[in-house]
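Oh and the sequence shown: position 358 is 359 in my numbering, straight run, nothing missing. Backbone N, C-alpha and C fix where the C-beta goes; we use that ideal spot for every residue, glycine too. What follows is a set of notes on a single structure, which appears directly below.
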Amino acid sequence: MAFSAGACVTVAERRIDGDVAPSPAVRSGEHRPAPAQTGPSQEVLAQVARAGGTVSLAQLIGFALRTSPATRATWSDARAAAAMVGSKRSAFFPQVEVDGNIGFTHQTFGLSGIQFEYKSWGPSAQLTWLLLDLGTRSSDVDEAQALLAAANLSHDTQVADLILGVEQAYTQYQGAKALLAAQKTSVGEAQTNYQAAQERRRAGVATAADVLQAKTALSQAQLQLQLLDGQVNTLRGAVATSVGVPATVNIEVEDLPQVSLETQLARIEELVAQAERDRPELARARAQAGAAQSHADSVRWRGWPQLVLNANAQRNYFITQGAPHGDNYSAALVLRIPLFTGFKDSFDAVQAEEQARAAMARAESVEQQVILQVWSSYHGVRTAAQRVRTAQDLLASASESEQMAAGRYKEGVGSILDVLTAQSALASARAQEVQARGDWLLSVASLAHDTGSLGPPAQSPEKSPR
């Protein structure tokens, strides 16, 4: 009996594995069971870092997919939904029960008061099989399959959201580090200008006001540097949190890359069509609408006749010495016709039909939101690309202007105000160029997410730098 139960569990688990997407660990390229429920440690994260000490975006995404409790939860939800499909299919099979009994019987016959007693024991079996209904079971299976599809799509949605969250945290951290590096350069330039003002003051060709103004600019640059340093530490913690480790874990990322703007965007109509085809949120909403309609069909068929086969067999062994055993068996076809349920079936059918209409309306609303998100992300990418080009031009002209102002000041033909103005413009241009690159990377990631093309790395994170 225990072996039979274990075999049934094994068969059920194999069927579930065939209906559910691979575990988050397998999806990230590592063929192993789903991770344990314990949180990852700093040592585990260190194993995915390259020898250079920095972690690539692909490595962090792979690590997050293996450790995120959110993806583990949605994966288990999908397996539960697959089990529900098997449960609903069981209605097409006969239900068999086997019992064993031992008993004592005392009977009194007629007015004569004759009494009869016997003790017996024996096995019995009962079979119940729903042979025919008009659609309830099929509709229940259709509903469960639609809910399974929705659960799988919920898992895909969580994976895409997780990847986008890691990309956003990673890029923001890269941008903060780039801003910090740019500000360090600005502090160095402010220090150089301050020293130049001091030298000109000692030479008698500059005033004390020039020195004080240069000192003020240096202090302002140092203050901004300290502010950016705090932001870098905060965003480093955000990266750690996004991959499921404590914010105290020290993660060093690659530098913010230079972006290539040569790739042409597809037409907006093509991107919208891709989103309508591939976006898991939209497919999930449609699957939920299909499940609601199947549920309405199931409720509608409940009031129709059903044909059921009932059978039982029993053998009694009498404990009285010399008494033979007795066999009892029977079989019957039962036609069940619900006549009146206090209008419950009618109201249940109306409720289920309205719920199906509501689910369909929600799916249409999700479709409109998806189209809006693609539209916004599309124009966000175009705007970000234009900002990158403009920021690069601004940085080039501001750098040349600052060099010219500094040279003129050292030659004694320019004022300290010209130098400080050019220095401030250059610092602002550096910050805008870094921000533009980061915003472009974020906008591209958002567009990939909104069109449904954002997924885990194709290879293991140790071998697939982004």
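In its chain, beyond the 5 residues on either side, Leu-148, Leu-149, Ala-152 have a beta carbon closer than 6 Å to the beta carbon of Ala-82. If you draw a 10 Å sphere on the C-beta of Gln-159, you find 16 or more other C-beta atoms in it, and that means buried.
The Cβ neighbour count for Tyr-330, taken over all protein chains shown within 10 Å, is under 16; the residue is labelled exposed.
The beta carbons of Leu-443 and Ala-449 sit no closer together than 8 Å. In the three-state scheme derived from DSSP, where H, G and I count as helix and E and B as strand, Val-244 is classed as coil.
Exposure of Ala-248 is indicated by the presence of fewer than 16 other C-beta atoms within 10 angstroms of its C-beta.
The continuous beta strand (DSSP E) containing His-107 extends over residues 96 to 110.
In the three-state reduction of the DSSP assignment, Asp-78 falls in the helix class. The criterion of a C-beta distance shorter than 8 Å is satisfied by Thr-137 and Arg-303. Considering only Gly-238, Val-244, Thr-235, the residue with the shortest C-alpha distance to Gly-166 is Val-244. In this structure, Leu-427 sits away from Ala-446, with a CB-CB distance that is not shorter than 8 Å.
For Phe-64, the enclosing alpha helix (DSSP H) begins and ends at 58 to 68. For Ala-437, the enclosing alpha helix (DSSP H) begins and ends at 417 to 451. Inclusion of Ala-406 and Ala-423 in the CB contact set at 8 Å is warranted, their separation being smaller than that value. In this chain, the beta strand (DSSP E) harbouring Trp-130 covers 115 to 133. Rounded to whole angstroms, Ala-84 and Val-99 show a C-alpha spacing of 25 Å. Residue nearest to Gln-96 within the set Asn-102, Asn-313, Phe-319, Glu-412 is Asn-313 (criterion: CA-CA distance). Proximity to Gln-192 across Arg-203, Gln-175, Ser-220 peaks at Ser-220, based on C-alpha coordinates. In this chain, the beta strand (DSSP E) harbouring Ala-332 covers 327 to 337. Its Cα nearest to that of Gly-408, the residue Ala-198 stands out among Ser-121, Ala-198, Arg-388, Gln-275. Leu-58 is not a Cβ neighbour of Tyr-174, given a cutoff of 8 Å. Judged by DSSP secondary structure, Val-375 falls within the alpha helix (DSSP H) whose first and last residues are 345 to 411. Cα atoms of Ala-145 and Val-335: separation of roughly 28 Å, rounded to the nearest angstrom. Distance from the CA atom of Arg-80 to the CA atom of Phe-117, rounded to whole angstroms, is 57 Å. DSSP lists Thr-129, Ala-333 as the bridge partner or partners of Asn-311. Contact annotation: Val-300 and Asp-349 have beta-carbon atoms nearer than 8 Å.
Residues of the same chain with a CB within less than 8 Å of the CB of Ala-290, apart from the 5 flanking positions on each side, are Ala-357, Ala-360, Met-361, Arg-363, Ala-364 in chain order.
If you compare the alpha carbons of Ala-210, Ser-121, Thr-106, Val-142 with that of Ser-88, the shortest gap goes to Val-142. Comparing alpha carbon positions, the residue from Leu-181, Glu-355, Val-260, Val-389 closest to His-296 is Glu-355. Inclusion of Ala-241 and Val-233 in the CB contact set at 8 Å is not warranted, their separation being larger than that value. For Ala-197, the enclosing alpha helix (DSSP H) starts and ends at 137 to 203. Here the alpha carbon of Thr-235 sits roughly 11 Å from the alpha carbon of Leu-228.
With a 10 Å radius around the Cβ and a threshold of 16 neighbouring Cβ atoms, Gln-184 comes out buried. Taken in chain order, the complete alpha helix (DSSP H) segments of 4 residues or longer contained in the segment 240 to 310 are 269 to 279, 281 to 302.
The Cβ atoms of Ala-222 and Ser-187 lie closer than 8 Å to each other. Rounded to the nearest angstrom, the Cβ distance from Glu-401 to Glu-277 is 48 Å, too far for a contact under 8 Å.
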